[in-house]
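Working notes, beginning with the structure itself.
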Amino acid sequence: HQARADQQGPMVAINCGALPEQLLESELFGHVKGSFTGAVSNHIGLFRAAHGGTLFLDEIGDMPLALQVKLLRALQERRIRPLGATTSEPVDLRIISATNRDLEMDMREGLFREDLFYRINVVNFDLPSLAERVEDIPLLANHFLRATGAYQMGNVTNFSPGAVEILIQASWPGNVRQLQNVVQRTAALSTTPVIPESLVREALAVEDQYMPSLTQARQQFEHDYL
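For the sequence shown, position 184 matches number 184 in my numbering, and the numbering has no gaps at all.
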């Protein structure tokens, strides 16, 4: 988004799995007043809000099939029609999407449209799990540590070598978000400037109660099985 030379519009993001279908459609394409119960005013929608910029569709794999058809039409025609409207409007924006699902498997199972997949899959970036890029763990841990209030107040400064080694060896089923939770917990509870190994072990024991998603669990099983 920031690298685009002619970038003028904003970066707008939405989680496609966090809203029911009708509300998600309204958030994306907008609606006119009175188009449905509760539509007390016009709403421009995120497609028009991101005009000239970038629309980030997070968890696009969770988008309902009926809405996938409307999204495909909007991407192909570069025009959207708000709910309750009789005319469509042009939009000019970049689409970035992300998912933790296996979309190729979802296509085979009829859960994701094949034509939409090939429409959005122009440039693909596969982000490995945290356990597959252990060299990033010390960098990320220190980054998250510097963002904590304990670090900014001078209560903690860094992790001990033993604590870093434990972080590197952990399995991290919750990936980066889980690492961030561990860093925040240890920074808040540490009574010494250097966060000790014992505190990291304790935080990881608490995080072991983390329940991964079905997709994460399946991917971990396939990784271990292979």
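Beta carbons: idealized from backbone N, C-alpha and C, even for Gly.
In this text the structure is predicted, and so the values were computed from the model without any measurement.
**Item:** Segment limits, alpha helix (DSSP H) that includes M107
**Value:** Looking up residue 107 in the sequence shown gives position 107. Residues L103 to R108.
**Message:** Considering only their Cβ atoms, is the gap separating E89 from I249 smaller than 8 Å?
**Reply:** Nothing about residue 249 can be reported from this structure: the residues present for the chain run from 1 to 226 only.
**Prompt:** Between the region 183-197 and the region 138-157, are three or more C-beta pairs nearer than 8 Å?
**Reply:** yes
**Message:** So, with DSSP's three-state summary, where would you put V12?
**Reply:** The residue given as residue 12 occupies position 12 in the sequence shown. Here V12 sits in strand by DSSP.
**Prompt:** From this set, Q180, I168 and V194, which residue's C-alpha is nearest N155's C-alpha?
**Reply:** Locating residue 155 in the sequence shown gives position 155, where the first residue counts as 1. With distances taken between Cα atoms, N155 lies closest to V194.
**Prompt:** Mapping DSSP to helix, strand and coil, what is V156?
**Reply:** Reading the sequence shown from its first residue, position 156 is the one you call residue 156. Coil at V156, not helix or strand.
**Asked** Any idea what DSSP makes of I60, helix, strand or coil?
**Response** In the sequence shown, the residue the question calls residue 60 occupies position 60. DSSP places I60 in helix when its eight states are reduced to three.
**Asked** Near H1, which residues of its chain fall below 6 Å by C-beta distance, leaving aside the five closest residues on each side in sequence?
**Response** Here residue 1 refers to the residue found at position 1 of the sequence shown. Closer than 6 Å at Cβ, skipping near neighbours: M11 and T54.
**Item:** Of the listed residues H31, L139 and R108, nearest to T87 (C-alpha basis)
**Value:** Numbered from 1 along the sequence shown, position 87 holds the residue referred to as residue 87. Selected option, being the one with the closest Cα: H31.
**Prompt:** Among the residues of its own chain, which have a CB less than 7 Å from the CB of H51, if the five just before and after it don't count?
**Reply:** Taking the sequence shown and counting its residues from 1, the one referred to as residue 51 is at position 51. Excluding sequence neighbours, H51 sits near G9, V91, D92 and L93.
**Start-end ranges of the beta strand (DSSP E) lying completely within the region 24-93, minimum 3 residues** = 54-58
**Contact belief for R133 with L65 at Cβ below 8 Å, rounded distance in angstroms** = In the sequence shown, residue 133 corresponds to position 133, counting from 1. In the sequence shown, residue 65 corresponds to position 65, counting from 1. Not a contact, Cβ separation roughly 34 Å.
**Message:** In the DSSP output, which residue or residues are listed as bridge partners for I95?
**Reply:** Residue mapping note: residue 95 aligns to position 95 of the sequence shown, counting from 1. Paired residues: L55.
**Request:** Would you mind stating whether F47 and L23 have Cβ atoms separated by less than 8 Å?
**Result:** Within the sequence shown, residue 47 is the residue found at index 47, counting from 1. Within the sequence shown, residue 23 is the residue found at index 23, counting from 1. Not in contact: F47 and L23 (Cβ atoms no closer than 8 Å).
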